[in-house]
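Just so we're aligned: the sequence shown equals residues 1 to 155 in full-length UniProt numbering.
Beta carbons: idealized from backbone N, C-alpha and C, even for Gly.
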Amino acid sequence: MSQEVKNFLTTNGIASSCTTPYNPQENGQAEQYSGIIWKTVQLALNNKNLPVSHWEDVLNESLYSIRSLLCTATNETPHEQLFRFVRRTGNGSATPSWLTIPGPPLLKTKHGRETTTSTRDLALLPSIDENGSDSIETPPPSHEKDYTSSDPTPL
Numbered sequence: 001m002s003q004e005v006k007n008f009l010t011t012n013g014i015a016s017s018c019t020t021p022y023n024p025q026e027n028g029q030a031e032q033y034s035g036i037i038w039k040t041v042q043l044a045l046n047n048k049n050l051p052v053s054h055w056e057d058v059l060n061e062s063l064y065s066i067r068s069l070l071c072t073a074t075n076e077t078p079h080e081q082l083f084r085f086v087r088r089t090g091n092g093s094a095t096p097s098w099l100t101i102p103g104p105p106l107l108k109t110k111h112g113r114e115t116t117t118s119t120r121d122l123a124l125l126p127s128i129d130e131n132g133s134d135s136i137e138t139p140p141p142s143h144e145k146d147y148t149s150s151d152p153t154p155l
């Protein structure tokens with residue numbers, strides 16, 4: 001807060017605080033979200049080879065991408081959580097164009113309680129046959145032994 005604003009508030013008898021009085025943790029959450037927005041803006045600037053002074057040119061695009069990210073915990077985007085309907089893209093479609101382009105599907109692998117997905121966590125999703133089974137057969141774990149029906153003792 002600038003000194004001019006502080007003087008104005010003090011002169012008019014208005015109390016001010018940098019954090020909310022009953023929930024100071026919200027200040028940290030706001031700072032964290034500001035950092036996420038700034039990182040997204042920097043990525044957009046680097047992608048378009050623009051200097052930092054043109055951050056306003058990529059802000060809308062950056063906010064749109066953040067609002068369209070899928071939260072893995074709720075399986076909804078922030079827009080869907082807030083408004084309860086699917087966000088439409090610029091061309092009027094609810095499905096983004098990158099999702100409709102053919103290519104190998106990716107599946108998130110588990111590495112603990114992560115709320116975002118990085119490219120290191122993505123693995124190819126096995127294709128499903130017409131009969132509904134995976135085309136990639138997984139062998140049984142090495143610690144399991146085969147048992148014959150005539151002899152119930154382990155091999």
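| Query | Result |
| --- | --- |
| Note the first and the last residue of the continuous alpha helix (DSSP H) segment covering Y22. | Careful: Y22 lies outside any alpha helix (DSSP H) and carries neither H nor E. |
| Pick from N12, E31, Y64, D57: whose alpha carbon is nearest that of R87? | Y64 |
| Find out if the Cβ-Cβ distance for the pair V58, L45 is shorter than 8 Å. | yes |
| Contact check, R67 vs T77 under 8 Å by CB: the rounded distance? | 6 Å |
| How would you label V41, buried or exposed, when you count the other beta carbons within 10 angstroms and need 16 or more for buried? | buried |
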